[in-house]
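2 protein chains.
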Amino acid sequence: MRVTLSALDTSETFFKPLVVLELARDVKEETRKWLEKKINDKKKNGGAQLLIRPLVEKCEEQTLESQNLYLVGASTVRLLLGAESVGLVKECNDNAMRAFTYETRQNFKGFSDDNDDFLTMAECQFIVKHELENLRARDEKMIPGYPQAKLYPGKSILRRLLTYGLVTQIFPLHDSEALKKLESTWYNRFKLKYQPLDGIRTYFGETIALYFGFLEYFTFALIPMALIGLPYYVFDWEDYDKYVIFASFNLIWSTVILEVWKRGCALMTYRWGTLLMKRQFEEPRPGFHGVLGINPITGREEPLYSSFKRQLRIYLVSLPFVCLCLYFSLYVMTIYFDLEAWAQDVHRESHFPELTNVLLFVPSIVYAVVIEVMNRLYRFAAEFLTSWENHRLESAYQNHLVLKVLVFNFLNCFASLFYIAFVMKDMKLLRQSLATLLITSQILNQIVETFLPYWLQRKHGLRVKKKVQALKADVDVTLYEQIILEKEKGTYLGTFDDYLELFLQFGYVSLFSCVYPLAAAFAVLNNLSEINSDALKMCKVFKRPFAEPSSSIGVWQLAFETMSVISVVTNCALIGMSPQLNAVFPDSKTDLILIVVAAEHALLALKFVLAFVIPDKPREIQVKLAKLEFESVEALKQQHIKLVAESLKEEGKEEEKNTT
Amino acid sequence: MRVTLSALDTSETFFKPLVVLELARDVKEETRKWLEKKINDKKKNGGAQLLIRPLVEKCEEQTLESQNLYLVGASTVRLLLGAESVGLVKECNDNAMRAFTYETRQNFKGFSDDNDDFLTMAECQFIVKHELENLRARDEKMIPGYPQAKLYPGKSILRRLLTYGLVTQIFPLHDSEALKKLESTWYNRFKLKYQPLDGIRTYFGETIALYFGFLEYFTFALIPMALIGLPYYVFDWEDYDKYVIFASFNLIWSTVILEVWKRGCALMTYRWGTLLMKRQFEEPRPGFHGVLGINPITGREEPLYSSFKRQLRIYLVSLPFVCLCLYFSLYVMTIYFDLEAWAQDVHRESHFPELTNVLLFVPSIVYAVVIEVMNRLYRFAAEFLTSWENHRLESAYQNHLVLKVLVFNFLNCFASLFYIAFVMKDMKLLRQSLATLLITSQILNQIVETFLPYWLQRKHGLRVKKKVQALKADVDVTLYEQIILEKEKGTYLGTFDDYLELFLQFGYVSLFSCVYPLAAAFAVLNNLSEINSDALKMCKVFKRPFAEPSSSIGVWQLAFETMSVISVVTNCALIGMSPQLNAVFPDSKTDLILIVVAAEHALLALKFVLAFVIPDKPREIQVKLAKLEFESVEALKQQHIKLVAESLKEEGKEEEKNTT
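Here it is in structure tokens:
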């Protein structure tokens, strides 16, 4: 039995499959043909001018599930033109970064007409995706074969197809060789070394590379805190002055590292070209629906959803729901405290204190697990609600989702700690609870996020391999096997959860740092293994994600900065409550509070001054950006001089006559 | 005796004088000719292609002083081309704002080829100034006639001439008719009404119109505070709960008004076109000097000044000097307190308490005058120092100047109040001192800034008039008279001092608002007259300033916001100290402090949330901006489709062959 792979058959030399498009199983032939034609058609006819092939030409029973798979590719010239239209920024021969244009292609480093490696595979895939998404309806009023699936002129066809479920997924192909190379430098040998960020960027794109860059940076930045925190644990230091020093160091340090990260990030994204990349005009997100109206921005007829209705949904449904969840989370917290009290009672009255000593940790551990479960459940609910709010733009959707998730996770994770610290004022319990929460959540995260999916993935992979081996006869069908394997893998849903995990970790480390200096050390240990498990996740567990250009970690910078402001307040309050410090002011508690408040204000002011004084971009980058600006201004000026010369030619002649 | 006004003589119909250029008295003929030629010469020959005439052709004894005056103008087409090169934004026929281009001129509202009113006179003057400043050296190595005055290729000639003192000044001419019209709607009738902001903008440009807009807005915004504050004074309310209400209202109010201003400002500057105007590439400021080197940005040889040397000057000279001044200011404050104590002693021991009651106010008044004098002296010193620091760019110069001046003025004006409030804890003295400082400084300011110069100016004006009348014989020389009059007027040094005055007033009103609710009422009264006196100053006292496009009040927004943050802290502290509130917590001062601190934190958090939640631009403007962005993206896309069609023509043909 022979699998006829059309992608391999027809002139393989010039068709390199980049992206896989999976249609729904029951899509009509008419729709299929229309879509193929659209993708293949010339740009001026409203097509994408890309290359598309079905994975298998002839459909037999075993390959039935593959008949809905299409491979999309593009010619080199088409990709170069696409690079211009997405605004890709590349390094020129004079070492400056400039937006790529097809006309000036010879000025770019590494470009030659017979060189296909100028664009990385990830870039090519991003371009193909961009071109597919930019395939727009012209005069079609509906998707052929599906009269109820309306199309609107100027709107993305692919997003409509995804909304109606006619296209089930679209994903880029892995490049096994490059992946193997990347893996070997990234995580295969368990050694302490820098990650190959440039390599990650080349393979996975900037957004993911930035996450790994931040993870690495953050881990390094935690090391000084961990080192300084260790002796507090080892020597059981309890002097208030030492705690004050540690906390002050922490607070300044956390400001400085966040500011320095911005600079490092600018340096990196300049090199990658995304710092200079222009933001693209934002389209409605797939799934957005509404009644037909005139968009005030584009002036075109398209589905609109009234902002008032959305506000109603947000304030009358989402907000109460979030409040309810918060209340529930606090209720669970009280149960935890009851459990804690019960455990301590048992321990106190027990005849085997060695045995019940372990019991003391049980409530915290259970509570940590419950917190994780609640976070994950809430995550789904928040996604459902935010999507139901029907935001038009992806950015608005993301903002509302992030806000919902951050508020809940913050309260869910830290409410009990705040209660222990400032209401119960039990520092011993705080330390124990903090340690248990931090360590349990870290262990859980690693298991749920990486090892469980990896194990499932491996099992599934073996099954597919067997199936394909049974199928194949006399032709090498690695591509076929690869696609069948990859299409079943989970989709990596973006860096949101990874950043969230780091954010909560940052909270555990900094909010109560002066009570539990060891937290930083645990965070460092966790992150060292996290780097490896996340890398494994990216390379092995999930489908390859589309490269997504980005120039910073976005809203997370703000979230981390807010956390570091809150931690100034909590740490100052903790120090003010420490019995050692209270012993220094035996008579006048008022003076103590005033001093602590003054110190807190001074620290906050210092933080803002630091954030203001440290430039967001290193001088080197500033100069380079100014250089580019100067260049474009000069070019404009030259153009203008020419224009003036032409426009004033007549007038000039007259004047010359006058003066002579 | 006849004055030969060349500007009036030669074909007046097509030469409208816009800008006056005054050379130094002893400039060599050679230099004069060269400069004239440069200004007149064609753009492609490195000239400015403007029109220039000497004010008087023949030079007689009485008109000797006028022989260095040149009038600069430009043809209508030249001005339109200049409007394109400065990036002027104008309203189109479809009511959208777009950058003006000569090619698309017919699309703009109010444009027709025979209409000279499309550009306002202020815009024309701005364009001429821009073109003069953009007159750049090509192969000239020095200014002809002055071998020591070096020129560098690509550097502004005019800035060099100003630096070497060969050009003494350059200023735009008033337009008497338009000015009279503006005056009549602005301040001539003392009635309460909105200012003609659009008219001010047309005549004086956006920066000045924005100042007056802010002044007006700020005055209106103070009215609610003044109204709520009045009954506190009238009924002598001293209940803590009322103070708390007033202070809370104040704090929220000050945040809201600053945020709302941003929106109003965006609305205004969108209408004026400056919101969309692109920032121009910044040139070195006149007066900047250094040794020859390669500029890393432009790649050209030009004077550079090492940043290290500048840092040395800043940290080893400027910083100690500022600290010294701050110390001196504090020293003067102690003298004031001695005086105050002495006056109170005298009053207490006096046999005529009615008489010595007046004496109680004397120290405050004297101190207020001293503060004003010190502020003004320091201003000069700060300018000298900042200019000596030799900043390359005007923006860096301004930032360093603003920082120096703000820090000193803040301490100088408010240190005594802080001391009285938080060290002496004498609320009665605080109220008295605050009132005296506020009122004295306001009166002083109005006299020194406006009425004194106005009086001097009038005296001088009469003198000139007489002189010109004696001179003139049979020709109407209004232009001659106007120029001679205007050239002697003072130069308006920008809105810095005006904003500074408002900033300090905002401090007086908000920092201790809960102690002296009447401050807002005084501020409102002062501002109502300030609007008129500032208008008078602009129209009568000073030379017409060049219009300066700007899209916001810049650094002052930040300064006002910082002040409102500080005022949250001071007001909370004051309320916490109030005896009424202390009476509520007789036993536990600690609880009181904790509550006040918690409230302060809540207020600060609320401020930040408000600042974050209120969008900086009204929705209407956001939509308009998005529309423009969409337009340019669409245009690019169309261009791209054409490019793809051309580039892939060959390939397409081949493919068609393949498929058929």
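Read top to bottom, the protein sequences are chains R and Y. Each residue of the first sequence is one higher than the one before, counting from 1 in the UniProt record's numbering. Each residue of the second sequence is one higher than the one before, counting from 1 in the UniProt record's numbering. All residues carry an ideal CB built from backbone N, CA and C; glycine is no exception.
What residue from Ser254(R), Leu119(R) and Val260(R) has the CA that sits closest to threonine 202(R)'s CA? The sequence position of residue 202(R) within the first sequence is 202, counting from 1. Ranking Ser254(R), Leu119(R) and Val260(R) by Cα distance to threonine 202(R) puts Leu119(R) first.
Status (buried if at least 16 other CB within 10 Å, exposed otherwise) for serine 529(R): Residue mapping note: residue 529(R) aligns to position 529 of the first sequence, counting from 1. In this structure serine 529(R) is exposed. Its beta-carbon is surrounded by fewer than 16 other beta-carbon atoms within 10 angstroms.
Taking the alpha helix (DSSP H) that leucine 18(Y) falls in, what are its first and last residues? In the second sequence, residue 18(Y) corresponds to position 18, counting from 1. For leucine 18(Y), there is no enclosing alpha helix (DSSP H), as DSSP marks it with neither H nor E.
For methionine 225(R), does the three-state DSSP call read helix, strand or coil? In the first sequence, residue 225(R) corresponds to position 225, counting from 1. Residue state, collapsed to three classes: helix.
Span separating the alpha-carbon of glutamate 354(Y) from that of phenylalanine 522(Y): For the purposes of this step, residue 354(Y) is identified with residue 354 of the second sequence, where counting begins at 1. For the purposes of this step, residue 522(Y) is identified with residue 522 of the second sequence, where counting begins at 1. One C-alpha to the other measures close to 25 Å.
Start and end residues, alpha helix (DSSP H) containing glutamate 349(R): On the first sequence, position 349 is the one that residue 349(R) refers to. For glutamate 349(R), the enclosing alpha helix (DSSP H) covers residues 319-349.
Give, in chain order, every residue of the stretch 621-639 of chain R whose Cβ lies closer than 7 Å to some Cβ of chain Y. In summary, the residues of the stretch 621-639 of chain R whose CB is separated from some CB of chain Y by less than 7 Å are Val623, Ala626, Lys627, Glu629, Phe630 and Val633, in the order they occur in the chain.
Closest by C-alpha distance to glutamate 282(R), when choosing among Arg271(R), Ala598(R), Leu275(R) and Thr298(R): Walking along the first sequence from the start, residue 282(R) turns up at place 282. The candidate whose alpha carbon is nearest that of glutamate 282(R) is Thr298(R).
Note down, in chain order, every chain Y residue with its Cβ under 8 Å from the Cβ of tyrosine 102(R). Translated into the one-based positions of the first sequence, residue 102(R) becomes position 102. The contacting residues are Leu643 and Ser647.
Local conformation of arginine 53(Y) per DSSP, three classes: As a working mapping, residue 53(Y) is identified with position 53 in the second sequence. Residue state, collapsed to three classes: strand.
Give a yes or no on whether the minimum CB-CB distance between glutamate 84(R) and chain Y is below 9 Å. The sequence position of residue 84(R) within the first sequence is 84, counting from 1. At a cut-off of 9 Å between beta-carbon atoms, glutamate 84(R) makes contact with chain Y.
Entirely enclosed alpha helix (DSSP H) segments - the stretch 450-503 of chain R, minimum 4 residues: For the stretch 450-503 of chain R, whole alpha helix (DSSP H) runs of length 4 or above, ordered along the chain, are 452-471 and 478-487.
Taking Cβ-Cβ distances shorter than 8 Å, what residues in chain R pair up with proline 296(Y)? Taking the second sequence and counting its residues from 1, the one referred to as residue 296(Y) is at position 296. Per Cβ cutoff of 8 Å: Val623 and Lys627.
Can the beta-carbon of leucine 88(R) be found closer than 9 Å to that of glutamate 123(R)? Along the first sequence, one-based indexing puts residue 88(R) at 88. Along the first sequence, one-based indexing puts residue 123(R) at 123. It is a contact, given that the beta carbons lie within the stated cut-off.
Short of 7 Å Cβ to Cβ, which residues in the stretch 278-290 of chain R face chain Y? The stretch 278-290 of chain R vs chain Y, Cβ under 7 Å: Phe281.
Under 9 Å between the Cβ atoms of lysine 129(Y) and lysine 141(Y)? Here residue 129(Y) is taken as the residue at index 129 of the second sequence, counted from 1. Here residue 141(Y) is taken as the residue at index 141 of the second sequence, counted from 1. One thing to note: lysine 129(Y) has its Cβ no nearer than 9 Å to the Cβ of lysine 141(Y).
With a Cβ-Cβ cutoff of 9 Å, do phenylalanine 204(Y) and isoleucine 228(Y) count as a contact? Walking along the second sequence from the start, residue 204(Y) turns up at place 204. Walking along the second sequence from the start, residue 228(Y) turns up at place 228. Not a contact, by the Cβ cut-off of 9 Å.
Closest by CA to residue 669(R), which one among Tyr336(R), Ala368(R) and Val346(R)? Nothing about residue 669(R) can be read from this structure; chain R reaches only from 1 to 660.
Going by DSSP, which residues form a beta bridge with phenylalanine 542(R)? Residue numbering aside, residue 542(R) sits at position 542 when the first sequence is read from its first letter. Answer is Gly490(R).
Give the range of the beta strand (DSSP E) segment to which alanine 149(Y) is assigned. As a working mapping, residue 149(Y) is identified with position 149 in the second sequence. First-last of the beta strand (DSSP E) with alanine 149(Y): 146-150.
C-alpha distance - residue 674(Y) paired with arginine 105(Y), whole-angstrom precision: This structure gives no information on residue 674(Y), because the portion of chain Y shown stretches from 1 to 660.
Between the Cα of glutamate 372(Y) and those of Pro54(Y), Ile439(Y), Tyr397(Y) and Gly554(Y), spot the shortest distance and give me the residue it belongs to. Counted from its first residue, the second sequence places residue 372(Y) at position 372. Nearest option by C-alpha distance: Ile439(Y).
Between the CA atoms of methionine 333(Y) and leucine 603(Y) - distance to the nearest angstrom: Start at 1 with the first residue of the second sequence, and residue 603(Y) comes out as number 603. Start at 1 with the first residue of the second sequence, and residue 333(Y) comes out as number 333. Rounded to the nearest angstrom, the two C-alpha atoms are 32 Å apart.
Answer with yes or no whether the minimum CB distance from valine 555(R) to chain Y is below 9 Å. Looking up residue 555(R) in the first sequence gives position 555. No, its Cβ sits nowhere closer than 9 Å to a Cβ of chain Y.
Using only alpha-carbon positions, find the residue among Met424(R), Gln469(R), Val322(R) and Leu479(R) that is nearest to leucine 401(R). As a position in the first sequence, residue 401(R) is number 401, starting the count at 1. Closest option to leucine 401(R), Cα to Cα, is Val322(R).
Closest to serine 564(R) by C-alpha separation, out of Asn68(R), Phe100(R), Thr255(R) and Arg78(R), would be which residue? For the purposes of this step, residue 564(R) is taken as residue 564 along the first sequence, with counting starting at 1. Shortest Cα-Cα distance from serine 564(R) to any of Asn68(R), Phe100(R), Thr255(R) and Arg78(R) involves Thr255(R).
Quick one: what does DSSP say methionine 142(Y) is sitting in, helix, strand or coil? Mapped onto the second sequence, residue 142(Y) falls at position 142. Reduced to three states, the DSSP call for methionine 142(Y) is strand.
I'd like to confirm the pairing. Which residues does DSSP put opposite leucine 292(R) in its beta bridges? Counting from one through the first sequence, the residue named residue 292(R) turns up at place 292. DSSP links leucine 292(R) through a beta bridge to Pro303(R).
Should isoleucine 575(R) be flagged as near chain Y, meaning a C-beta pair shorter than 9 Å? Numbered from 1 along the first sequence, position 575 holds the residue referred to as residue 575(R). Isoleucine 575(R) does not count as touching chain Y.
With a 10 Å radius around its C-beta and 16 neighbouring C-beta atoms as the bar for buried, classify alanine 605(Y) as buried or exposed. By one-based count along the second sequence, residue 605(Y) stands at place 605. With fewer than 16 other Cβ atoms inside 10 Å of its own Cβ, alanine 605(Y) counts as exposed.
Nearest chain R C-beta to arginine 78(Y) closer than 9 Å, yes or no? Against the second sequence, residue 78(Y) aligns to sequence position 78. At least one chain R Cβ lies under 9 Å of arginine 78(Y).
Please list, in chain order, the residues of the stretch 576-606 of chain Y that have any C-beta partner in chain R closer than 8 Å. Close to chain R, meaning a Cβ-Cβ distance shorter than 8 Å, are the following residues of the stretch 576-606 of chain Y: Lys589, Thr590, Ile593, Leu594, Val597 and His601.
Option in Phe546(R), Gly576(R) and Asn571(R) with minimal Cα separation from glutamine 169(R): Indexing the first sequence from 1 puts residue 169(R) at position 169. Answer by Cα proximity: Phe546(R).
For serine 567(Y), I'd like the list of residues in its chain whose CB is within less than 6 Å of its CB, leaving aside the five on either flank, ordered along the chain. Along the second sequence, read from residue 1 onward, the residue named residue 567(Y) stands at position 567. Around serine 567(Y), the same chain offers Ser510 and Leu511 as residues with beta carbons nearer than 6 Å, after the five sequence neighbours per side are excluded.
Do you know how far the Cα of glycine 145(R) is from the Cα of aspartate 474(R)? Taking the first residue of the first sequence as position 1, residue 474(R) is located at position 474. Taking the first residue of the first sequence as position 1, residue 145(R) is located at position 145. With a pLDDT of only 49 at aspartate 474(R), under the threshold of 50, the placement of this residue in the model should not be trusted; the figure read from the coordinates follows. One C-alpha to the other measures close to 38 Å.
Excluding the 5 residues flanking alanine 535(R) on each side, which residues of the same chain have their C-beta closer than 6 Å to its C-beta? Counted from its first residue, the first sequence places residue 535(R) at position 535. Cβ neighbours of alanine 535(R) beyond the five flanking positions: Trp186 and Tyr187.
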